[in-house]
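To start, the structure itself, in structure tokens.
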Amino acid sequence: MLKDVYGDDIQTLKTVYCEMLKRLLARIRRVRPHLNQPGSWFLLHNNARPHVATLIKWFLAQHGVIELSHPPYSPDLSPPDFFLFPKLKVALK
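1 is the number of the first residue of the sequence shown in full-length UniProt numbering; add one for each residue after it.
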């Protein structure tokens, strides 16, 4: 699949994912400049290989992105439930 997209310049999934994160950060800076501060937004990750790669962890740490991970063995507890709803309550007040 990667060869179809990138041709002979095959990249690993973690480098492709890192490029996608760079584009995401640039888009967030452009569309929502108030979220440009380190630690002002969260990224939900599971334990997929590209998400736990050292390159990705380093990139997120360098840019001050807070990474949320799924609790192990608790699929019914969703981290967005704990972070999203208090922010919605504040916005609705």
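C-beta atoms are modelled at their ideal positions from N, C-alpha and C, and glycine is treated no differently.
Since this is a predicted model, take the numbers as computed values, not measurements.
Simplified DSSP assignment, three categories, for residue i
| i | result |
| --- | --- |
| Leu45 | In the sequence on display, residue 45 carries His and not Leu. If DSSP states are grouped into helix, strand and coil, His45 belongs with the strands. |
CB contact flag (residue i, residue j, <8 angstroms)
| i | j | result |
| --- | --- | --- |
| Pro38 | Gly64 | yes |
| Lys14 | Ile66 | no |
| Leu68 | Phe42 | yes |
| Asn36 | Arg27 | no |
Span of the alpha helix (DSSP H), counted from its first residue to its last, around residue i
| i | result |
| --- | --- |
| Leu24 | Leu13 to Val31 |
| Leu55 | Thr54 to Gln62 |
Paired residues, beta bridge with residue i - DSSP
| i | result |
| --- | --- |
| Leu68 | Leu44 |
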